[in-house]
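> Please see the structure below; I have some questions.
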Amino acid sequence: MARILLTEDEDSLRLMTRTVLEIAGHQVFAYPNGQLALDDFERVEPDLVVSDISMPVLDGFGLLDAVRKLNLGAVVPFLFLTARSEREDVRLARTLGVDDYLFKPYDADELIEAVRVRLQRRRAIELFESRQAHIQTITMLANLVEARDAYTRGHVERVQLLAMELGNALGWPPEAMVILEYGSLLHDVGKLSVPDSILNKPSELTPDEFAIMRSHPVIGAKILEDIVHLRAAIPYIRSHHERWDGTGYPDGLAEYDIPVQGRLMAIVDVFDALTSERSYHKNLPVRQVLQALSDGAGKHFDPEMVKIFVALQLAKLQDA
Ligand SMILES: [Fe+2]
51 MARILLTEDE
61 DSLRLMTRTV
71 LEIAGHQVFA
81 YPNGQLALDD
91 FERVEPDLVV
101 SDISMPVLDG
111 FGLLDAVRKL
121 NLGAVVPFLF
131 LTARSEREDV
141 RLARTLGVDD
151 YLFKPYDADE
161 LIEAVRVRLQ
171 RRRAIELFES
181 RQAHIQTITM
191 LANLVEARDA
201 YTRGHVERVQ
211 LLAMELGNAL
221 GWPPEAMVIL
231 EYGSLLHDVG
241 KLSVPDSILN
251 KPSELTPDEF
261 AIMRSHPVIG
271 AKILEDIVHL
281 RAAIPYIRSH
291 HERWDGTGYP
301 DGLAEYDIPV
311 QGRLMAIVDV
321 FDALTSERSY
331 HKNLPVRQVL
341 QALSDGAGKH
351 FDPEMVKIFV
361 ALQLAKLQDA
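The sequence shown runs contiguously to residue 370 in my numbering.
Right, here's the structure in full:
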């Protein structure tokens, strides 16, 4: 159901159009001229406008022009109802930013279809825009982590790619893949709270410093707890340092008690750490790292999952 603002000066046509839209399940706010509709626009907050062109006081062009200048009206779909004799007006309507027009006389199906298409497109744009904003926020957070940690440059992006590959190979459904996409980017977000002197210390950490370093999964999970649209990613953040044999942190979970997201992250995180330049180990040849991963099956890693990951990476080596 959408909120539709309708203007039409001809009473019988206004009533008919209103009825058609209401039967289609929409809530209709109807006005005999553009000015009355405009006065009510910000109260109604319509999802779509259906407007006649020639009307007294304020015509359809005037209404469209005024609506486009309102904050709420800048992108609202706008549909003109126009007589065939007004065909020339269509050109003007286009330049003012009209989305569509129907020629009178139109039938009920035509009207309902035009409204449906416009609403659907509007919703798709809204979803896309909120997704874009979402990804930008996450990327900003992930970049903040990377900028501070000299040894992880490029790490989060590579890990995201590897995690997506593994998720796909495991046949995860699209909903899970969406969360994986940002969960993997954010897995180390808790490092924002680790001081530079510890994060980038060239020598070995003291036990106290090590404890602070190891707090990053819990702190990362806390950071995301209050952000409703990121909360689903928490298992990636909290559980990526758990180990299959129960010797990991922060919760010391074992085997299938470790969330599947954490088991996946552990594999790709270690793989990337070992294959890229880090403070404590020079990058090792990929085959040697894959052997080390296989050796960790049932100790550090979920044995089934690591087998799939290793096979995937070996196949890539062969293709190269
Ligand atoms: Fe980590």
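Quick reminder that beta carbons are idealized off the backbone N, C-alpha and C, glycines included.
#1: Inspect the beta-carbon positions of Leu340 and Val320 and report whether they are closer than 7 Å.
#2: In chain order, which continuous runs of the beta strand (DSSP E) of length 3 or greater are located wholly inside the region 216-247?
#3: What does the Cβ neighbour count give for Ile105, buried or exposed, with the cut at 16 atoms within 10 Å?
#4: Can you tell me where the beta strand (DSSP E) holding Tyr286 begins and where it ends?
#5: Which class does Ser62 belong to by DSSP, given the choice of helix, strand or coil?
#6: Is any non-hydrogen atom of ligand 1 found closer than 6 Å to the C-beta of Asp199, if you look at the structure I gave you?
#7: Start and end of the alpha helix (DSSP H) containing Arg53?
#8: Hey, quick one: how far does the alpha helix (DSSP H) through Asp89 stretch, first residue to last?
#9: Please classify Arg293 as buried or exposed, where buried requires at least 16 other C-beta atoms within 10 Å of its C-beta.
#10: Put Ala74 into one of helix, strand or coil per three-state DSSP.
#11: Using C-beta distances below 6 Å, list every residue in its chain close to Arg64, excluding the 5 sequence neighbours before and after it, in chain order.
#12: Name the two residues that bound the continuous alpha helix (DSSP H) containing Thr297.
#13: Let me check one thing: in DSSP terms, what residues is Tyr151 bridge-paired to?
#14: Is there contact between the region 282-293 and the region 172-183, where contact requires at least three CB pairs shorter than 8 Å?
#15: Can you look up Val107 in the DSSP assignment and give me helix, strand or coil?
#16: Does the beta carbon of Asp238 fall short of 6 Å from some heavy atom of ligand 1?
#17: Looking at the structure shown, is Val100 part of a helix, part of a strand, or coil, going by DSSP?
#18: Name the residue from Val336, Leu152, Ser247 whose alpha carbon lies nearest to the alpha carbon of Ala365.
#19: Pick from Leu114, Glu60, Ala323: whose alpha carbon is nearest that of Glu207?
#20: Look at Tyr151 and Phe128 and say whether their C-beta atoms are less than 7 Å apart.
#21: For Thr189, report the span of its alpha helix (DSSP H) as first-last.
#22: At a Cβ threshold of 7 Å, is Gln363 touching chain D?
#23: Is the CB-CB distance between Leu113 and Ala52 below 7 Å?
#24: In whole angstroms, what is the alpha-carbon distance linking Ile162 and His76?
#25: Look at the Cβ atom of Ala219, then the Cβ atom of Leu362, and state whether they are nearer than 7 Å.
Looking at the coordinates:
#1: Here residue 340 corresponds to residue number 290 of the sequence shown, with the count starting at 1. Here residue 320 corresponds to residue number 270 of the sequence shown, with the count starting at 1. No, Cβ-Cβ distance for Leu340 and Val320 is not below 7 Å.
#2: none
#3: Numbered from 1 along the sequence shown, position 55 holds the residue referred to as residue 105. The displayed chain sequence assigns Met, not Ile, to residue 105. The residue in question, Met105, is buried, as its Cβ has 16 or more Cβ neighbours within 10 Å.
#4: By one-based count along the sequence shown, residue 286 stands at place 236. Per DSSP, Tyr286 belongs to no beta strand (DSSP E); it is in the alpha helix (DSSP H), 284-288.
#5: As a first step, residue 62 is located in the sequence shown; it is residue number 12 there, counting from the start. Note: Ser62 maps to helix in three-state DSSP.
#6: The sequence position of residue 199 within the sequence shown is 149, counting from 1. No - ligand 1 has no heavy atom lying nearer than 6 Å to the Cβ of Asp199.
#7: Working through the sequence shown from its first residue, we reach residue 53 at position 3. Careful: Arg53 lies outside any alpha helix (DSSP H), inside the beta strand (DSSP E) at 53-57.
#8: The residue labelled residue 89 in the question sits at position 39 within the sequence shown. 84-94 is the span of the alpha helix (DSSP H), which, as asked, contains Asp89.
#9: The residue given as residue 293 occupies position 243 in the sequence shown. Buried: at least 16 other Cβ atoms inside 10 Å.
#10: The residue labelled residue 74 in the question sits at position 24 within the sequence shown. Three-state result, Ala74: coil.
#11: Taking the first residue of the sequence shown as position 1, residue 64 is located at position 14. Only Glu58, Ala80 meet the Cβ criterion.
#12: Taking the sequence shown and counting its residues from 1, one reaches residue 297 at position 247. Here Thr297 belongs to no alpha helix (DSSP H), and DSSP marks it neither H nor E.
#13: Here the question's residue 151 lines up with position 101 in the sequence shown. In the DSSP output, where bridge partners are listed per residue, Tyr151 has Phe130.
#14: no
#15: Locating residue 107 in the sequence shown gives position 57, counting from the first residue. DSSP places Val107 in coil when its eight states are reduced to three.
#16: The residue labelled residue 238 in the question sits at position 188 within the sequence shown. Asp238 Cβ: within cutoff of ligand 1.
#17: Numbered from its first residue, the sequence shown carries residue 100 at position 50. Val100 sits in a strand when the DSSP states are folded into three classes.
#18: Numbered from 1 along the sequence shown, position 315 holds the residue referred to as residue 365. Each of Val336, Leu152, Ser247 was checked against the Cα of Ala365, and the nearest Cα belongs to Val336.
#19: Along the sequence shown, read from residue 1 onward, the residue named residue 207 stands at position 157. With distances taken between Cα atoms, Glu207 lies closest to Ala323.
#20: Residue 151 sits at position 101 when you count from the first residue of the sequence shown. Residue 128 sits at position 78 when you count from the first residue of the sequence shown. Cβ atoms of Tyr151 and Phe128: not closer than 7 Å.
#21: On the sequence shown, position 139 is the one that residue 189 refers to. Going by DSSP, Thr189 is part of the alpha helix (DSSP H) stretching over 158-198.
#22: In the structure shown, chain D cannot be found, because there is only a single protein chain.
#23: Along the sequence shown, read from residue 1 onward, the residue named residue 113 stands at position 63. Along the sequence shown, read from residue 1 onward, the residue named residue 52 stands at position 2. Cβ distance not < 7 Å, so Leu113 and Ala52 don't count as in contact.
#24: If you number the sequence shown from 1, residue 162 lands on position 112. If you number the sequence shown from 1, residue 76 lands on position 26. About 10 Å.
#25: For the purposes of this step, residue 219 is identified with residue 169 of the sequence shown, where counting begins at 1. For the purposes of this step, residue 362 is identified with residue 312 of the sequence shown, where counting begins at 1. A contact, by the Cβ cut-off of 7 Å.
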